[in-house]
Amino acid sequence: MVRDPQDADKRGRQLRQPVRYNARHIISSTGCVLNITVFGSGYVGLVTAVCFADVGNDVLCVDVDANKVAMLKRGESPIYEPGLSEMLKKNYEDGRIKFTTSAEEGARHGLYQFIAVGTPPSEDGSADMQYVLAVAKSIGKYMDGYRVIVGKSTVPVGTADRVRDAVAAELASRNATHEFDVVSNPEFLKEGAAIADFTKPDRIVIGTSNARATDHMHALYVPFNRNRDRLVVMDVRSSEMTKYTANAMLATKISFMNEMANLAEKLGADIEKVRIGIGSDPRIGYQFIYPGCGYGGSCFPKDVKALIHMAEDVGFKASVLQGVEDVNDLQKHLLFSKIKSHFGDIRGMTFALWGLAFKPRTDDMREAPSRVLMEALWAAGAKVRAYDPVAMHETAKIYGERADLYLAKSPEDAAQGADALALVTEWRIFQSPNFAGLARLLNKPVIFDGRNQYDPLHAKKAGFTYYSIGRAPV
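Residue numbers for the sequence shown follow our numbering, beginning at 454 and rising by one.
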């Protein structure tokens with residue numbers, strides 16, 4: 454039989470092409486269960502590990518904190534996130550997730566090696582990369598075969614290159630020739646809704662230019678990617694920047710609206726009416742345009758600072774980002790300024806605070822506006838009676854026992870005997886208070902509303918002097 458020479462040439466070209474590992478091949482070859490290692494059991498790491506385990510994978514979570522690992526081995530979550538404790542306990546009892554302090558065990562366990570450790574801000578505002586690079590070195594030191602190394606932490610642009618170099622250096626030091634791919638896979642989890650964000654994502658950003666790594670990531674996310682393809686594949690540096698840009702954009706909307714609120718108050722306009730007027734424009738929308746007493750948490754403040762620092766490193770002045778940060782810093786002091794303007798000298802006075810976490814549905818108090826307000830009140834000689842549905846333990850851990858802080862048992866307990874009330878976090882439990890009962894609890898009927906939760910006329914009718922954000926006091 455004579456074969457067409459063109460067919461032979463075509464077959465030769467096909468054989469010379471790199472092997473493409475498609476998702477179906479990967480899943481069938483692993484029996485549908487993927488071995489996954491997650492370094493870091495903080496907010497991002499634990500949510501990632503538990504959600505992957507919940508769809509049937511074999512997950513090992515590594516953390517250097519022996520106390521935290523012991524807690525997790527009891528099926529107890531060290532962080533508050535709705536639904537997480539129940540998922541953790543179930544998957545731990547069913548054997549789909551395990552915990553260890555051994556980096557060697559972690560590096561040998563998973564085809565997928567997730568780096569989800571902290572990148573706290575350094576003194577100059579840049580992201581501290583020591584923990585990420587330490588994990589990369591551990592993976593290179595102990596890996597015993599091909600690995601997909603996935604950056605889940607929020608890291609500066611160019612970090613994947615540093616991770617690749619660190620792994621390669623460790624492999625070279627022991628004359629090992631194992632192949633590996635480094636992928637950027639930033640998280641977009643909202644505290645308080647992280648489980649839904651992970652399991653029903655609006656996008657899954659993958660940073661890689663490698664077809665093999667792309668197929669492995671497709672296989673990994675099949676359970677969360679069924680009704681439409683949510684994977685957005687791009688180069689690594691663009692992926693790393695996508696996370697920072699997303700958070701900076703949201704922080705910008707918040708600071709812009711807060712600046713407009715402060716201007717509206719001086720001009721005699723009502724920012725809540727303005728918000729409705731602009732939010733109805735689909736180009737703007739209603740999300741992240743609520744005026745308030747500033748943003749906090751573990752992401753926006755840190756990421757805006759880090760992006761400013763990245764810009765400085767390449768000789769670029771990020772004027773808008775600097776303005777976003779400056780406005781937010783000022784906004785966090787706004788409630789205290791209103792309190793001082795109303796009362797003058799507040800030495801010896803007591804203030805009730807409703808809400809301590811930086812936002813509802815979390816116990817996270819990192820960069821929380823409540824901390825700025827409490828510390829300013831204490832510095833001025835005042836005392837605080839505070840209540841939060843979830844963050845009381847975190848508050849006690851941060852500040853300990855002190856004579857000028859009473860952690861109340863309920864919103865009413867916090868208000869009892871206080872000279873005024875400041876609402877800092879918009880928990881649902883605070884949204885419809887009994888104003889008549891509240892007036893009886895407070896020594897003076899004064900409310901400083903940092904989240905514009907109440908109708909000014911309703912508060913006035915109930916006998917309150919009412920201050921809010923971007924609206925004239927009544």
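Ideal Cβ placement from N, Cα and C applies to all residues, glycine included.
With respect to residue 600, residue 633 sits close: the two C-beta atoms are nearer than 7 Å. Residue pairing from DSSP places residue 840 in a beta bridge opposite 807. The residues 657 and 684, in chain order, have a CB closer than 7 Å to that of residue 678 in the same chain once the five nearest residues on each side in sequence are set aside. Under the Cβ criterion (8 Å, minimum of three pairs), the region 852-861 does not count as touching the region 871-888.
Residue 805 is a Cβ neighbour of residue 838, given a cutoff of 7 Å.
Within the same chain, 577, 578 and 579 come within 7 Å of residue 762 by CB-CB distance, once the 5 residues on both sides are set aside.
Nearest C-alpha to residue 823 among 898, 697, 721 and 811: 811. Proximity to residue 621 across 594, 488 and 917 peaks at 594, based on C-alpha coordinates. Going by C-alpha positions, residue 673 is about 29 Å away from residue 750. Within the region 644-729, complete alpha helix (DSSP H) segments of at least 4 residues are found at 647-652, 664-673 and 689-720, given in chain order. Straight-line measurement puts the Cα of residue 510 at about 7 Å from the Cα of residue 489. Under DSSP, the beta-bridge partners assigned to residue 637 are 604 and 660.
Across the structure, residue 801 and residue 863 are spaced so that their CA atoms are roughly 23 Å apart. Using a 10 angstroms sphere on the CB of residue 567, the tally of other CB atoms reaches 16 or more, which defines it as buried. Taken atom to atom, the span from the alpha-carbon of residue 518 to that of residue 915 is near 52 Å. Residue environment: residue 549 is assigned as buried (16 or more neighbouring CB atoms within 10 Å of its CB, all protein chains considered).
Counting C-beta atoms within 10 angstroms of its own C-beta, residue 772 has fewer than 16 neighbours from the protein chains shown and is therefore classed as exposed. For residue 742, the number of other beta carbons within 10 angstroms of its own is at least 16, and it is reported as buried. Burial is judged here by how many other beta carbons sit within 10 angstroms of a residue's own beta carbon; residue 729 has fewer than 16 and is exposed.
For the 7 Å CB-CB criterion, residue 543 and residue 531 do not form a contact.
By the CB criterion at 7 Å, residue 775 and residue 746 fall outside the cutoff. Between residue 649 and residue 737, the alpha-carbon positions lie close to 24 Å from each other. Residue burial is scored here from C-beta neighbours: residue 546 has fewer than 16 other C-beta atoms within 10 angstroms and is therefore classed as exposed. Looking at the backbone, the Cα of residue 768 and that of residue 690 are separated by about 18 Å. In summary, residue 670 is buried, with 16 or more beta-carbon neighbours lying within 10 Å of its beta-carbon over all protein chains present. Residue burial is scored here from C-beta neighbours: residue 533 has at least 16 other C-beta atoms within 10 angstroms and is therefore classed as buried. Bounds of the beta strand (DSSP E) holding residue 492 are 488-492. Put simply, the backbone Cα of residue 494 is about 16 Å away from that of residue 816. Boundaries of the beta strand (DSSP E) harbouring residue 566: 565-568, taken from the DSSP string.
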